[in-house]
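Working notes, structure below.
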Amino acid sequence: MTVDISPDLQPDTPKQSSLSTAAARNLATTAKSAPQMQEISSRWLLRMLPWVETKGGAYRVNRRLSYTVGDGHIEFVQDGAHVRVIPRELGELALLRGFEDEEVLNALAGRCAQRDFSAGEVLVVRGEPADQIHLIAHGRINQTSVGKYGDEVAVAVLADGDRFGENALLDADARWDYTATAETSGTLLTLSRAEFAAVMASAPALQAHIQEFSALPLQRQNRHGEAEIAMSAGHTGEVELPGAFVDYELKPREYELSVAQTVLRVHTRVADLYNGPMNQTEEQLRLTIEALRERQEHELINNREFGLLHNADFKQRIQTHSGPPTPDDLDELLCRRRGTKLFLAHPRTIAAIGREWNAHGLYPDTVELDGHRVLGWRGVPILPCNKIPISKENTSSILAMRLGEDNQGVIGLRQTGLPEEYEPGLSVRFMGISEQAIMSYLVTTYYSAAILVPNALGVLENVQIARRRD
Numbered sequence: 001m002t003v004d005i006s007p008d009l010q011p012d013t014p015k016q017s018s019l020s021t022a023a024a025r026n027l028a029t030t031a032k033s034a035p036q037m038q039e040i041s042s043r044w045l046l047r048m049l050p051w052v053e054t055k056g057g058a059y060r061v062n063r064r065l066s067y068t069v070g071d072g073h074i075e076f077v078q079d080g081a082h083v084r085v086i087p088r089e090l091g092e093l094a095l096l097r098g099f100e101d102e103e104v105l106n107a108l109a110g111r112c113a114q115r116d117f118s119a120g121e122v123l124v125v126r127g128e129p130a131d132q133i134h135l136i137a138h139g140r141i142n143q144t145s146v147g148k149y150g151d152e153v154a155v156a157v158l159a160d161g162d163r164f165g166e167n168a169l170l171d172a173d174a175r176w177d178y179t180a181t182a183e184t185s186g187t188l189l190t191l192s193r194a195e196f197a198a199v200m201a202s203a204p205a206l207q208a209h210i211q212e213f214s215a216l217p218l219q220r221q222n223r224h225g226e227a228e229i230a231m232s233a234g235h236t237g238e239v240e241l242p243g244a245f246v247d248y249e250l251k252p253r254e255y256e257l258s259v260a261q262t263v264l265r266v267h268t269r270v271a272d273l274y275n276g277p278m279n280q281t282e283e284q285l286r287l288t289i290e291a292l293r294e295r296q297e298h299e300l301i302n303n304r305e306f307g308l309l310h311n312a313d314f315k316q317r318i319q320t321h322s323g324p325p326t327p328d329d330l331d332e333l334l335c336r337r338r339g340t341k342l343f344l345a346h347p348r349t350i351a352a353i354g355r356e357w358n359a360h361g362l363y364p365d366t367v368e369l370d371g372h373r374v375l376g377w378r379g380v381p382i383l384p385c386n387k388i389p390i391s392k393e394n395t396s397s398i399l400a401m402r403l404g405e406d407n408q409g410v411i412g413l414r415q416t417g418l419p420e421e422y423e424p425g426l427s428v429r430f431m432g433i434s435e436q437a438i439m440s441y442l443v444t445t446y447y448s449a450a451i452l453v454p455n456a457l458g459v460l461e462n463v464q465i466a467r468r469r470d
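Position 422, counted from 1, in the sequence shown is what the working numbering calls 422; the numbers after and before it change by one each time, with no gaps.
Here you go:
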């Protein structure tokens, strides 16, 4: 049965008795935030670096003369499974430093024999005769020895580009002071004393170079490789005092200011009609400067000319002992310089530090810095920097640095007093209005960084940051 309900009997529907909120919003002024930007980071490096005024666009680092020989990493060329050393890279060896005869270097490189090793393989044994130099093309090798009380002690961890056994090429009585064990699989090239002697026998230029190298007096250097200053101490009577002077490098390094620039464009209609309650030009400029500062910090870390990662002295680069960052690793990094002011690490690396500290039953210190409580170790703050790269193998680096000109540390370089300067070292120049009514502003900042002495900056390399599976 169907029942029809007449319109008069329909239930009453509620009628609108006031202005709806949707309509009211047309007359309302909304509360709004300033433009937000996810790229902005803490930029601790820019905040902590002491900035030095750099007039003339360049900063010259004058150092005491040093005899720095053979302290660089050696590079290789890989052709499938075959690896060979670049001949001129043999000049990184102390006894071949400054040797320029490419024909002889090619002959030495051709006599290097490839050796592939596996994890756990013992490469050399302490106390056995040493008659080869080993050049590490790839892999990690752990050197151990016997301590004073008979226990096994770690000597060093070597990785790509390192070498060991260099003294074996000239010393017929050389013996290994340590045992070298492969931590990972890898490849190395070996050059025996016999092969080296065979090349030298037919190369008068190499014979003369080795003779000159062997005649270098040891007293010309101190333990830092600097030219020795002659002096006398503890004497009595009328002893003739040695004469001395402090020699300088003849060709000191100069750091030229780098530049980061962009052109900000704002339509005049936007600046004229939509400038309230926020100034559109100022907000555009603020975000542009934030992006420019982020780029500046990235360059200070990664630039191949002046970036800290690429300019750290090879002697100040160390490897982790087991992969993850342990307290022992940070202690070894810390002890290599006086007055370390900060550690710098990727946030994921800091998380890995926390995991390892917890595994050891420890917890990092907390250090107060500019009103913030940050993690630290031995009273040195561990600051985050997301510009430090992470490799595909989930490894990264930790930087430790001393700061300031007075402390012979790491400094930032900039020039202030620029035309139309907006912030120290950053200028904003009005470039005019185009025929499309678009205003243009040139935003520029000049910067660089300098390491005054090699031990001002240290790097812990190949830090494993991936979480271990339980």
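For glycine and all other residues, C-beta sits at the position ideal for the given N, C-alpha and C.
query, result
"With 16 other Cβ atoms within 10 Å as the buried cut-off, status of A130", "buried"
"CA-to-CA distance, I318 to D71, given in whole angstroms", "In this prediction, D71 scores a pLDDT of 45, lower than 50, which makes its location untrustworthy; the coordinate-derived value is nonetheless stated afterwards. The alpha-carbon atoms of D71 and I318 are separated by roughly 13 Å."
"6 Å CB neighbourhood of Y59 in its chain, flanking five on each side removed", "Y255, L413, A450"
"Y422 versus T445, R338, I465, V61, residue with shortest Cα-Cα distance", "T445"
"Simplified DSSP assignment, three categories, for Y67", "With a pLDDT of only 48 at Y67, under 50, the local geometry of the prediction cannot be trusted, and the value read off the model is given with reservation. Coil."
"Segments of 3+ residues assigned as beta strand (DSSP E) that fall wholly inside the segment 12 to 99", "51 to 53, 58 to 61, 76 to 79, 82 to 85"
"Extent of the continuous beta strand (DSSP E) to which M278 belongs", "M278 -> no beta strand (DSSP E), and no H or E assigned at all."
"Of the listed residues P87, W377, S118, nearest to A109 (C-alpha basis)", "P87"
"Buried or exposed (CB count within 10 angstroms, at least 16 for buried), N142", "buried"
"Residue environment, Y149, which counts as buried when at least 16 other CB atoms sit within 10 Å", "exposed"
"As assigned by DSSP and simplified to three states, the class of I141", "strand"
"Separation of W357 from Q415, as counted between CA atoms", "42 Å"
"Opposing strand residues paired with H134 [DSSP bridges]", "F164, T190"
"DSSP three-state assignment for Q296, whether helix, strand or coil", "helix"
"contact_flag[the segment 373 to 392, the segment 347 to 357] where n(CB pairs < 8 Å) is 3 or more", "yes"
"Residue from L285, F99, I289, E294 with nearest C-alpha to A205", "F99"
"The ligand ADP heavy atom lying under 7 Å from the CB of L188", "Ligands in the displayed structure: none, and consequently the ligand ADP is not present."
"Beta-bridge partners of V122, as assigned by DSSP", "T181"
"Rounded separation between V459 and M401 - CA only", "9 Å"
"Residue ranges of each beta strand (DSSP E) within the segment 338 to 425, 3 or longer", "342 to 345, 365 to 369, 372 to 377, 380 to 384, 395 to 401, 410 to 414, 421 to 423"
"Alpha carbon of Q261 to alpha carbon of S448, nearest angstrom", "14 Å"
"Alpha-carbon to alpha-carbon, V367 and R373", "6 Å"
"Residue range of the alpha helix (DSSP H) that includes H267", "Segment 258 to 267 is the beta strand (DSSP E) holding H267; no alpha helix (DSSP H) there."
"Under the three-state DSSP convention, the category V146 falls into", "strand"
"Inter-residue spacing [alpha-carbon to alpha-carbon] between I411 and A23", "59 Å"
"Between the CA atoms of R429 and E435 - distance to the nearest angstrom", "19 Å"
"Spatial neighbours of S18 in its chain, beta-carbon cut-off 8 Å, leaving aside the 5 residues before and after", "none"
"Contacts around C112, its chain only, beta-carbon distance under 6 Å, and the 5 residues preceding and following it disregarded", "V85, L189, L191"
"Distance CB(H82)-CB(Q114) smaller than 8 Å", "yes"
"Sufficient close CB pairs (3 or more, under 8 Å) joining the segment 206 to 215 to the segment 173 to 183", "no"
"Validate contact between the segment 284 to 300 and the segment 28 to 47 using beta carbons, cut 8 Å, 3 pairs", "yes"
"C-alpha gap between R378 and L45, whole angstroms", "20 Å"
"Touching by the beta-carbon criterion (3+ pairs, under 8 Å), the segment 300 to 313 and the segment 270 to 289", "no"
"Length of the line joining the Cα atoms of G147 and V155", "10 Å"
"Cβ pair M439, V266 closer than 8 Å", "yes"
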